[in-house]
Amino acid sequence: MNRRMLMLLAVALGAAAPAHAQSAYPNKPIRLIIPASAGGPSDVVARLVAEGLTKSLGQPVVVENKPGAAQTLGTAQVAKAEPDGYTLLFTTSTPIVMAPFTRKNLPYDVKKDLIAVSHVGTTPLVLYANSAVPVKSVKELIAAAKAKPGELSYGSYGNGSSAHLLGEYLSKQTGIKLIHVPYAGVSPQITALVGGQIQFAVADIGVPAPFVKDGKLRPLAVTGSQRSASLPEVPTFAEQGVAGMEPFSPWWGLFAPAGTPKAIVDKLSSETVKIVKSTQFKARFAVFGADATGLDSTASTAALNDELSRWSKIFAALPNINFD
């Protein structure tokens with residue numbers, strides 16, 4: 001009888017071991033990979049999330065910038081990482097819902113290799129002009145581009161990015177031709193615009209804000225279905241007669257490698273949602289003209305599937321664009 005009891009006890013302890021290991025998560029530092037350069041909006045927002053998770057999880061969340069290949073380099077690194085909850089991805093929507101349509105031989109499958117942990121927030125994109133350029137509206141931009149076809153240029157934060165796609169879709173919708181100039185991030189793109197190397201650029205609200213305030217840049221239009229609270233005087237594209245630009249608003253999300261235990265995903269999701277919904281985070285997030293969403297893993301997955309469906313239709317309308 002004693003031997004039988006010992007055997008039963010051993011089996012019970014063995015079964016409990018994995019559960020205990022998961023409940024102890026995390027017991028070492030977590031790597032948070034950002035597939036974008038330091039100093040841009042993704043980097044800043046990711047560090048806000050990392051700061052919150054460090055406090056709530058009791059372990060350091062160490063941010064690592066892995067830019068390159070239109071943000072797919074760092075994304076692929078996480079997609080192929082050990083699914084133990086210690087390597088996570090914080091990214092904008094570009095390598096998640098656009099790269100599958102713009103990159104050949106993509107080294108990961110979004111649906112098979114990644115799990116959506118939390119949808120953190122979204123921000124409108126803005127079309128900016130260098131203030132020295134005599135263009136004050138989308139209508140005037142169209143007129144200028146038609147007067148000088150193929151001479152005006154716009155910058156983006158990379159081939160295949162939402163900023164690149166917005167410029168191409170705007171050209172298609174209005175019958176104009178703009179020269180696309182890609183940069184390795186938002187900051188270098190805005191530096192080039194302020195310096196006059198390009199005439200226009202598509203970017204977020206936060207990074208260009210000081211230059212708008214100083215009068216060096218002029219915002220012409222915002223994406224979305226309504227004006228941004230951060231730029232209330234700037235009309236939407238729709239208000240200026242250009243339809244279909246509403247989807248071009250990038251979002252940020254937290255992801256884990258597929259196969260990560262559900263208990264770990266749920267814990268990360270729950271803690272991230274608490275952080276994003278906090279008054280402190282919302283206030284700091286608003287600096288970017290962004291809206292915090294804080295969706296859990298289930299809702300984030302549903303939103304991701306909707307986005308993939310929507311972008312497939314947009315890319316179907318741009319069959320001849322080269323994203324390499």
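With my numbering, letter number 177 in the sequence shown gets 177, and the count goes up by one each step, no holes.
Built from N, CA and C at the ideal position, the CB exists for glycine as well.
Kindly list the residues whose CB is nearer than 8 Å to the CB of residue i, restricted to its own chain and excluding five residues on each side of it in sequence; keep chain order.
{"i": "residue 311", "result": "97, 98, 101 and 247"}
{"i": "residue 73", "result": "35, 66 and 67"}
{"i": "residue 299", "result": "119"}
{"i": "residue 143", "result": "none"}
Ignore the nearest five residues each way along the sequence and tell me which others in residue i's own chain have a CB closer than 6 Å to its CB.
{"i": "residue 301", "result": "116"}
{"i": "residue 52", "result": "275"}
{"i": "residue 47", "result": "63"}
Determine the extent of the alpha helix (DSSP H) in which residue i is found, giving its start and end residues.
{"i": "residue 47", "result": "41-57"}
{"i": "residue 72", "result": "72-79"}
{"i": "residue 34", "result": "That residue, residue 34, is in no alpha helix (DSSP H); its beta strand (DSSP E) goes 30-34."}
{"i": "residue 212", "result": "209-213"}
{"i": "residue 201", "result": "Counting along the chain, residue 201 falls outside any alpha helix (DSSP H), though it belongs to the beta strand (DSSP E) covering 200-203."}
{"i": "residue 186", "result": "186-195"}
{"i": "residue 101", "result": "99-102"}
Taking all protein chains shown into account, decide if residue i is buried (16 or more other Cβ within 10 angstroms of its Cβ) or exposed.
{"i": "residue 62", "result": "exposed"}
{"i": "residue 168", "result": "buried"}
{"i": "residue 279", "result": "exposed"}
{"i": "residue 320", "result": "exposed"}
{"i": "residue 228", "result": "buried"}
{"i": "residue 199", "result": "buried"}
{"i": "residue 43", "result": "buried"}
{"i": "residue 130", "result": "buried"}
{"i": "residue 210", "result": "exposed"}
{"i": "residue 41", "result": "buried"}
Can you tell me where the beta strand (DSSP E) holding residue i begins and where it ends?
{"i": "residue 92", "result": "87-92"}
{"i": "residue 221", "result": "217-222"}
{"i": "residue 181", "result": "179-182"}
Enumerate in chain order the residues of its own chain whose CB-to-CB distance from residue i is below 7 Å, with the five nearest sequence positions on each side excluded.
{"i": "residue 57", "result": "26 and 271"}
{"i": "residue 21", "result": "Because residue 21 carries a pLDDT of 45, less than 50, the predicted location of this residue cannot be relied on, and the following value inherits that uncertainty. None."}
Taking 9 Å as the CB-CB limit, is residue i close to chain B?
{"i": "residue 51", "result": "Structure shown: chain B not included; a single protein chain is present."}
Counting only runs of 4+ residues fully inside the stretch 286-319, write out the alpha helix (DSSP H) ranges in chain order. 297-316
At which residue ranges does the stretch 113-176 contain complete beta strand (DSSP E) runs of 3 or more residues, listed in the order of the chain? 114-122, 126-130 and 153-156
Which runs of the beta strand (DSSP E) at least 3 residues long sit entirely within the stretch 234-263? Give them in chain order. 251-257
Counting Cβ pairs closer than 8 Å, one from the stretch 105-116 and one from the stretch 127-138, do we hit at least three? no
Any contact between the stretch 158-177 and the stretch 253-271? By contact I mean 3 or more CB pairs, one from each, below 8 Å. no
Take every Cβ of the stretch 259-275, pair it with every Cβ of the stretch 227-241, and state whether three or more of those distances are shorter than 8 Å. no
Counting Cβ pairs, one atom from each stretch, are 3 or more of them under 8 Å apart for the stretch 153-161 and the stretch 200-208? yes
Taking contact to mean at least 3 C-beta pairs separated by less than 8 Å, is the stretch 79-92 in contact with the stretch 269-276? no
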